[in-house]
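Residue numbers (our numbering): 478 to 605.
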């Protein structure tokens, strides 16, 4: 089962990346790993540095994909983003945390993709 989840996650990240590039984002890093966690995508939209969490599901039976991003996960992403800024800068760039929710449905050719800009703050306060 774990392999199926990993494949779904990889498919979701590919779909999210294509969606963001088509929307004008420039992808800087994929699967940026730190000791405190991973950031799925690091991108730029204009002058804003965007840390993107991608969540994919095959249905909304148990809720939309974004509902699985808990405040604890948000804080983990924020800590990883702080390490990215410390290691790679620019530390003075405006930043935000976005979520891309990808739902693959039976019978659909293309997944449903929802971009949630400014989905949460650095302290992990869920706003979606």
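Note that beta-carbon positions come from the ideal geometry of N, C-alpha and C, so glycine has one too.
Cβ neighbour criterion (16 or more within 10 Å) applied to residue i
{"i": "residue 547", "result": "exposed"}
{"i": "residue 503", "result": "exposed"}
{"i": "residue 551", "result": "buried"}
{"i": "residue 534", "result": "buried"}
{"i": "residue 530", "result": "buried"}
{"i": "residue 492", "result": "buried"}
Residue of the options minimising C-alpha distance to residue i
{"i": "residue 561", "options": "590, 520 and 493", "result": "520"}
{"i": "residue 610", "options": "571, 584, 514 and 527", "result": "Because residue 610 is not part of the residues shown, which for the chain are 478 to 605, the question remains open."}
For residue i, the three-state DSSP class (helix, strand or coil)
{"i": "residue 546", "result": "coil"}
{"i": "residue 496", "result": "helix"}
{"i": "residue 538", "result": "coil"}
Proximity test, residue i beta-carbon vs the ligand GTP heavy atom, cut-off 8 Å
{"i": "residue 529", "result": "Looking at this structure, you won't find the ligand GTP or any other ligand, since it has none at all."}
Beta-carbon proximity check, residue i vs residue j, cutoff 9 Å
{"i": "residue 588", "j": "residue 580", "result": "yes"}
{"i": "residue 489", "j": "residue 542", "result": "yes"}
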